[in-house]
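According to the UniProt record's numbering, the sequence shown is numbered sequentially starting from 1. Glycine included, C-beta positions come from ideal geometry on N, C-alpha and C.
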Amino acid sequence: MGCLDETRTLEYGQVFLQVSRFSRELGNPNNFICVGQVVVAKNPCLHPGDVGVLEAVNVPALHHMVDCVVFPQKGERPHPNECSGSDLDGDLYFVSWDLDLIPPRQIEPMEYNPAPAKQVDHDVTIEEVEKYFTDYIVNDNLGIIDNAHVVFADREPDKAMSSNCMKLAELHSIAVDFPKTGIVAEIPPYLHVKEYPDFMEKPNKKSYKSKSVIGKLFQEVKDIASPTSPVASFTLDLAKQHYDPEMEVEGFEDYLSDASKYKCDYDYKLGDMMEYYGIQTEAEILSGNVLKMSKHFDRKRDLDAIKYAVKSLRMEARNWFNEGSDADNTDNAKAKASAWYHVTFHHTYWGRHNEGTQGMDRAHFLSFPWCIYDKLLQIKKDNKSI
């Protein structure tokens, strides 16, 4: 976090930086006071001048300041303002003293002078507030400008130093202040993006193979199978190896038929949900961490819908479990839970519940019995105590 030098010791171009390694206690011998050149920046960082190259110095009077970057009072312009038009009202900064990350020179910072706010000669009416709000919703171009900057910085020979990126940095500053000023950041046609680099993963847009460092890194790893890919799915061999016989409770056989029926229903509904949203694996839909989205997937809108749908399916499964007069009997409930575990993890049931699903080839899902995880945990605890 950024702070002001109340001692007026620091000169323009200097900062004080004390970093805690393990503890934030004052005077901790493990604290590290940085001395030498450092790079300071704040997100979003679009203009090359937003990256400040400053000199970290040791000031004994500031030794009580830990895990913050202390900026000087002196100078024609505050260093925080030079970093993306920032200030000291709680903004967080990136600071590095790694010499490999420090630019060879400081680029002249951009002037962040907000446009004057629109003035009215009367008391603001509720109708004007409503219009202002709708104008903001319609004209909020911040995300579009951010994405365009990534594209031009990737494609242009001069990268972020190119004239197009410089113009986008100016527009970004205007867009940031739009809620306060009402001044719209209008994007000229020549800055409209027609195709995106492959690392931005825009499946519903035209894309090209990036030749930048980020593009090369992306291309190196994009085809590596993730731990949640179908390659590492629950196979028949794994089912034979990892079934836990301690989860078997006396009388569980009486509930196998119903358990198998409910698992078919659960897997069918979960599989339909995955296909509807274009999600590849059970782990992704249950965790909400979608690794690869379909072109129709809207992250903001659909993630909430997915979480609600998964929660509803789990609640429905618990209602299935609680049906019948034996739900209140502890021994019967444990036997029923044991049956749910058995039809999911025993190798004789492997792949059985995705047969006959209208010819669809689906993976063997594992989440069904964990809808009643509390019952399974109780079985395990009881067996451990015997």
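Using only alpha-carbon positions, find the residue among the options that is nearest to residue i.
i, options, result
"residue 267", "308, 370 and 187", "370"
"residue 173", "251, 83 and 90", "83"
"residue 264", "320, 116 and 94", "320"
"residue 190", "177, 222 and 148", "148"
"residue 310", "288, 54, 275 and 176", "288"
"residue 208", "282, 151, 160 and 35", "151"
"residue 33", "9, 63, 12 and 13", "63"
"residue 118", "153, 92, 167 and 184", "184"
"residue 87", "98, 112 and 157", "112"
"residue 169", "337, 44 and 16", "44"
"residue 11", "55, 322, 35 and 30", "55"
"residue 260", "126, 18, 59 and 349", "349"
"residue 139", "275, 123, 176 and 124", "176"
"residue 187", "195, 198, 381 and 171", "171"
"residue 197", "216, 30 and 60", "216"
"residue 78", "212, 153 and 13", "13"
"residue 61", "237, 324, 218 and 8", "8"
"residue 352", "161, 125 and 239", "239"
"residue 212", "201, 134, 235 and 153", "153"
"residue 363", "274, 384 and 250", "274"
"residue 281", "234, 304, 36 and 308", "234"
Taking the C-alpha atoms as reference points, what is the distance between residue i and residue j?
i, j, result
"residue 136", "residue 179", "7 Å"
"residue 335", "residue 242", "20 Å"
"residue 341", "residue 247", "7 Å"
"residue 258", "residue 269", "17 Å"
"residue 193", "residue 145", "10 Å"
"residue 206", "residue 214", "18 Å"
"residue 359", "residue 271", "The predicted position of residue 359 is uncertain, since its pLDDT is 42 and thus under 50; a value taken from the coordinates is nonetheless stated next. When rounded, the distance between both Cα atoms is 13 Å."
"residue 291", "residue 100", "32 Å"
"residue 357", "residue 141", "For residue 357, the predicted model reports a pLDDT of 47, less than 50, meaning its position is unreliable and no value from the coordinates is stated."
"residue 318", "residue 128", "50 Å"
"residue 390", "residue 316", "Not covered by the structure: residue 390. The range shown for the chain is 1 to 386."
"residue 167", "residue 155", "15 Å"
"residue 16", "residue 89", "18 Å"
"residue 302", "residue 253", "40 Å"
"residue 59", "residue 283", "51 Å"
"residue 373", "residue 345", "14 Å"
"residue 219", "residue 159", "20 Å"
"residue 256", "residue 249", "12 Å"
"residue 378", "residue 384", "10 Å"
"residue 380", "residue 330", "14 Å"
"residue 237", "residue 221", "29 Å"
"residue 332", "residue 324", "11 Å"
"residue 124", "residue 182", "14 Å"
"residue 200", "residue 161", "20 Å"
"residue 224", "residue 202", "19 Å"
"residue 130", "residue 165", "34 Å"
"residue 230", "residue 93", "Model confidence at residue 230 stands at a pLDDT of 46, short of 50, so the residue's coordinates are unreliable; what they give is reported in the following sentence. Each residue's alpha carbon lies about 40 Å from the other."
"residue 157", "residue 163", "11 Å"
"residue 322", "residue 143", "47 Å"
"residue 365", "residue 279", "14 Å"
"residue 382", "residue 251", "16 Å"
"residue 116", "residue 98", "40 Å"
In the DSSP assignment, what are the bridge partners of residue i?
i, result
"residue 69", "2 and 17"
"residue 197", "208"
"residue 39", "53 and 96"
"residue 32", "19"
Would you please state the rounded distance, in angstroms, between the beta carbons of residue i and residue j? I believe it to be under 8 Å.
i, j, result
"residue 102", "residue 53", "6 Å"
"residue 67", "residue 96", "Contact doesn't hold; Cβ gap of about 15 Å is too wide."
"residue 286", "residue 210", "Residue 286 to residue 210, Cβ: 32 Å. No contact."
"residue 337", "residue 376", "6 Å"
"residue 31", "residue 18", "6 Å"
"residue 387", "residue 306", "With the chain represented from 1 up to 386, any question about residue 387 goes unanswered, as that position is not in the structure."
CB of residue i to nearest heavy atom of the ligand COA: below 8 Å?
i, result
"residue 330", "Ligands are entirely absent from the displayed structure, and the ligand COA is therefore not among its contents."
* How do the region 66 to 83 and the region 1 to 13 stand: do at least 3 beta-carbon pairs fall below 8 Å, yes or no? -> yes
* Asked: Is there contact between the region 96 to 115 and the region 45 to 54, where contact requires at least three CB pairs shorter than 8 Å?
  -> yes
* Decide yes or no for the touch test of the region 341 to 351 against the region 244 to 259: beta carbon pairs closer than 8 Å, at least 3 of them. => yes
* **Three CB pairs or more closer than 8 Å across the region 28 to 40 and the region 83 to 97** => yes
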